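Trainee: Dropping the structure in here first, questions after.
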Ligand code: GLU
């Protein structure tokens, strides 16, 4: 069955960009007689608030969208994410990391002879330099994050050639087609990314993959700012042996000056537009998805 999802983080009011995303998902679901899934990505406990969660329900209902199962809340699922971390641990592809941003910056600014140089990159812009890479998971302490060992992951999946054969399909218009993963790009651009933060034992990358798989999402619609993360998500699908969806990255809605809308920009929040007297179809027209297309 076709299932697509809208997965906002309840750390601010929804704005026109969210409306565009949610309506894009909704229209696709209607066309394909599928299901609309709502998930609250609230693992950022410092910024997520229940009042924003309420506002999300209110705005989506006002836009006349319906979700088929109760909304999933990531903060309820920390045990499930920990199971995925344990799976990575049993495969030997993750390690604890106590590095601060300053540790990482310093290491990148002064590469050791044994470390590859970061040809032409900003000193603090390279992938994680691997300071904790040899630490076993048995040394995990409260103050550690957990990173995926990218090289070991590539080896686990059969090495560079096998990895380069993995692919994902994209239906969004700017990147439409089949995309192959590239082991050297994964190493150079993403490196040993964080699969569990120290404050909450998961990360966006891990949670989004585990949840989309569990909710049997067949198409992942989201903003094109996340296109670059899709390769690491695809890699996690492979390691965790989960069913791979199709991706649909859409354009971002920008303000008059061409800047991306941010949640802090109250002026474009759905709530304030609604209070100023606009109707759902006005919002649809503003984002280019009118009822009567
Ligand atoms: N939670 C993310 C956001 O609100 C969306 C992530 C996703 O759709 O994969 O921007």
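Residue numbers (our numbering): 37 to 329. C-beta atoms are modelled at their ideal positions from N, C-alpha and C, and glycine is treated no differently. Small disclaimer: the values here were computed from a predicted structure and weren't measured.
1. Anyone know if the C-beta pair for residue 297 and residue 120 falls short of 8 angstroms?
2. Where do the ends of the beta strand (DSSP E) carrying residue 73 lie?
3. Just checking residue 43 against the ligand GLU - is the residue's beta carbon closer than 7 angstroms to any of the ligand's heavy atoms?
4. Can you name the start and end residues of the beta strand (DSSP E) that residue 297 belongs to?
5. Is residue 204 helix, strand or coil by DSSP?
6. Among 67, 132 and 197, which residue has its Cα nearest to the Cα of residue 39?
7. Which word fits residue 197, buried or exposed, when buried means at least 16 other C-beta atoms lie within 10 angstroms of its C-beta?
8. Within its chain, find whatever has a CB closer than 6 angstroms to the CB of residue 60; leave out the 5 residues flanking it on each side and keep chain order.
9. Between which two residues does the alpha helix (DSSP H) carrying residue 172 extend?
10. Exposed or buried, which one is residue 87 when buried takes at least 16 other CB atoms within 10 Å?
11. Within the chosen definition, does the segment 246 to 254 reach the segment 196 to 212 through at least 3 CB pairs nearer than 8 angstroms?
12. From which residue to which residue does the alpha helix (DSSP H) around residue 54 run?
13. What is the DSSP secondary structure of residue 133, counted as helix, strand or coil?
14. Helix, strand or coil for residue 283? Go by DSSP, reduced to three states.
15. Of the residues 80, 93 and 69, which one's Cα is nearest the Cα of residue 54?
16. Determine, using beta carbons only, whether residue 132 and residue 180 come nearer to each other than 8 angstroms.
17. Would you list the one or two residues that DSSP bridges to residue 255?
18. Would you please state the rounded distance, in angstroms, between the beta carbons of residue 261 and residue 288? I believe it to be under 8 angstroms.
19. Is it true that the CB of residue 164 sits closer than 8 angstroms to the CB of residue 141?
20. What do you reckon, are the CB atoms on residue 144 and residue 186 nearer than 8 angstroms?
21. Residue 186 bridges to which residues according to DSSP?
22. For residue 228, which option in 235, 237 and 188 has the closest C-alpha, if you only look at C-alpha atoms?
23. If you draw a straight line from the alpha carbon of residue 157 to that of residue 168, how long is it in whole angstroms?
24. Return yes when the Cβ of residue 325 is within less than 8 angstroms of the Cβ of residue 63, no when it is not.
25. Report yes if the CB atom of residue 254 is closer than 8 angstroms to the CB atom of residue 282, and no otherwise.
26. Within 7 angstroms: the Cβ of residue 77 and any heavy atom of the ligand GLU?
27. For residue 235, which residues in the same chain have their Cβ closer than 6 angstroms to its Cβ, ignoring the five residues on either side in sequence?
28. Could you check the C-alpha separation between residue 75 and residue 108 for me, to the nearest Å?
Mentor: For this structure:
1. no
2. 71 to 76
3. yes
4. Segment: none, residue 297 is in no beta strand (DSSP E) and carries neither H nor E.
5. strand
6. 67
7. exposed
8. 257 and 286
9. Neither: residue 172 is in no alpha helix (DSSP H) and is coded neither H nor E.
10. exposed
11. no
12. 52 to 67
13. strand
14. strand
15. 93
16. yes
17. 40 and 282
18. 6 angstroms
19. no
20. no
21. Answer by DSSP bridge pairing: none, since residue 186 is not bridged.
22. 188
23. Caution is warranted here: a pLDDT of 43 is assigned to residue 157, below 50, making its placement in the model unreliable, and the coordinate value is therefore given only provisionally. In a straight line, the C-alpha of residue 157 is about 22 angstroms away from that of residue 168.
24. yes
25. yes
26. yes
27. none
28. 5 angstroms
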